[in-house]
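Residue numbers (my numbering): 257 to 884. Before any comments, here is the structure.
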């Protein structure tokens, strides 16, 4: 049942109440533009005029004794983003008031903090008037409210909280110093007072109090259809906490909620380290996990006369999980439901660590159980290669399942990972198949591996069999010569970077001077050089060098061949120069394979042929399964 309250002000809401953001809620998600809208609203409010601010939905959870009064504790079912933002802004105003050091400003700062931030309690520790969810509360309290230095930001919502504090502080400072002449201390004090009155007295809310626990989960999902969409991962966490309350009581429920919260902290930290912090990344993570756990059980279903494919079902993991666990509720198999939830939570936590290592193997936490340093180094190299390929989900889910099941057999893990990199490069880059190619087969294989249904020999044999039938080794040469436009090939930079690594190790026994990040963060035209220039039209001496060696048809045929392309740090001014002059630029390149070009006296078709053969020989060896 909903109870609609009168339109309270923020001061009325906080005078005798404590607000807690439940753990099923998402972390702080407002960005600069949302806070900018709030600040613009405040700027436009005329003194003593009310301004409707939005809806707040709360659920009473108990009482707590303060020093001089009793507080009612409420869960914030909806409205935490606005509440959190306003409290950060009020805390910033209090800090500015303290800095003025007037007796009156210090008194007002104290009133702000007692009303909205924290009060003393009878039992010792301060009572914080707003507490966030378990993932964010410590950071919110220490870094944002208490202004402690050096508090680590481990998840994205921590960064957004820090950004909010910075934005609000900058807003206040700009009010004082943004115009000439700047405001005097007295003028600034009056401005802060007016802003405080607007926030505490003019902002009004539609307030609903929820009485029935069973309504909370439903209300939460309805409310979150508005505004910034929840990621599937956030929805799943919320559902698991909600389900815990339905199937268990007392200590069992508390233990599982604690386990969910602690696991989600680790999951979000690992995904952040893996570079997977966007909603789309979290959704992808959830799908990958569902595939390795449940793909073998999935079938095309028919609903309302329409077929729903497996891929369509995988687009909404939140719904899949709700349907999956509902069967236990219907049959009142609560113990089994509880244990399956535990297994599912553990699998998410474990998989987040595997993804972290695969996509960012340089982190100190990587490979915690592997003691052989040589194998560890080789795994780092192979995982880095898989990460550079920006692999499709087909390969990523395979890599995760292999890592999960062979982590205690590092030599076998290394071989299977090397085979997976060869599979990814040959199938999706050299042969250029679409992502849907082999998807069903690789998803099923990954699920079977994770479920322990296939041993090492069977896995190795199946991957090898895929390569032999779909991307046979004897066709590698033709794939590297039949294309007449390798400049547009999506595998070009990866191929040339691997060639750079090979040449550096072979010729100077070192790693490349430049890292992969140097390539991926730049446009292709900034990193790839056509040795024979793309344009040889004109009458300059430089152009003449090329027109004497290439007819128009020969230029068109050879300019984008693999043998005519190199990684480059060469200045754009060298692009159309004759080869003799280009070599002066090549000498100072940070790429070995570009410096290596100075060994050629000329640059004609014969030289392009020769270099192409060198590249093909490298590729035939590098992406052969015989060397694993």
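All residues carry an ideal CB built from backbone N, CA and C; glycine is no exception.
DSSP places residue 561 outside both helix and strand once states are collapsed to three, so it counts as coil.
For the pair residue 300 and residue 436, the Cα-to-Cα distance works out to about 22 Å.
Check the Cα spacing between residue 643 and each of 750, 817, 735 and 516: the tightest is with 750. In the DSSP assignment, residue 858 falls outside any beta strand (DSSP E), carrying neither H nor E. Taking residue 419 as reference, the option from 290, 873 and 875 with the minimal CA-CA separation is 290. Here residue 286 is not near residue 397, since their CB atoms are 9 Å or more apart. Secondary structure remark: continuous alpha helix (DSSP H) runs of at least 4 residues inside the segment 352-433, in chain order: 359-368 and 412-433. Our two residues, residue 306 and residue 385, have alpha carbons roughly 23 Å apart in a direct line. Here residue 834 is buried: its Cβ has 16 or more other Cβ atoms, across all protein chains shown, within 10 Å.
When beta bridges are read from the DSSP output, residue 320 appears opposite 327. With 16 or more other Cβ atoms from the protein chains shown falling within 10 Å of its own Cβ, residue 606 counts as buried. Exclusion of the five residues before and after residue 822 leaves 785, 849 and 850 as the residues of its chain whose Cβ lies within less than 6 Å of its Cβ.
In this structure, residue 266 and residue 455 form a Cβ contact; the two beta carbons are roughly 6 Å apart against a cut-off of 8 Å. For the beta strand (DSSP E) assignment, the uninterrupted runs of no fewer than 3 residues enclosed by the segment 760-813 are, from N- to C-terminal side, 784-786.
For residue 581, the enclosing alpha helix (DSSP H) covers residues 573-586. With respect to the 9 Å criterion, residue 413 and residue 543 are not classified as neighbours on the basis of their beta carbons. Across the structure, residue 462 and residue 744 are spaced so that their CA atoms are roughly 56 Å apart. Per DSSP, the unbroken alpha helix (DSSP H) holding residue 842 starts and ends at 835-842.
Taking the Cα of residue 664 as reference, the smallest distance to any Cα among 623, 547, 638 and 675 is reached at 623. The beta carbon of residue 341 is closer than 7 Å to those of 286, 291, 294 and 420 in its chain, skipping five residues each way along the sequence. In the assembly as shown, residue 503 is a buried residue. Its beta-carbon has 16 or more other beta-carbons within 10 Å. Within a 10 Å sphere around the beta-carbon of residue 438 sit fewer than 16 other beta-carbons, which makes this residue exposed. For residue 435, the secondary structure class from DSSP, reduced to helix, strand or coil, is coil.
Non-local beta-carbon contacts of residue 277 in its own chain, meaning distances under 6 Å to residues more than five positions away in sequence, involve 332, 336, 388 and 389 in chain order.
Distance check between residue 792 and each of 778, 807 and 779 places 807 closest, using alpha-carbon atoms only.
Taken through DSSP and simplified to helix, strand or coil, residue 553 comes out as helix. At a Cβ-Cβ threshold of 9 Å, residue 600 and residue 496 count as neighbours. The residue among 711, 726, 645 and 652 with its C-alpha nearest the C-alpha of residue 773 is 645. Under the rule that a run must span 4 or more residues, the alpha helix (DSSP H) segments found entirely inside the segment 514-551 read 535-550. Contact check for residue 700 against residue 550 fails: the beta carbons are separated by 9 Å or more.
Restricting attention to 353, 323, 647 and 809, the CA atom closest to the CA of residue 540 is found in 647. Ranked by how close their Cα comes to the Cα of residue 685, the residues 812, 352, 732 and 804 have 732 in first place.
DSSP, read as helix, strand or coil, puts residue 332 in strand. By the neighbour-count criterion, in which a residue is buried when 16 or more other Cβ atoms sit within 10 angstroms of its Cβ, residue 715 is buried. Between residue 820 and residue 867, the gap from beta carbon to beta carbon is short of 9 Å.
Taking a contact to require three or more Cβ pairs closer than 8 Å, the segment 775-789 and the segment 695-710 do not qualify as touching.
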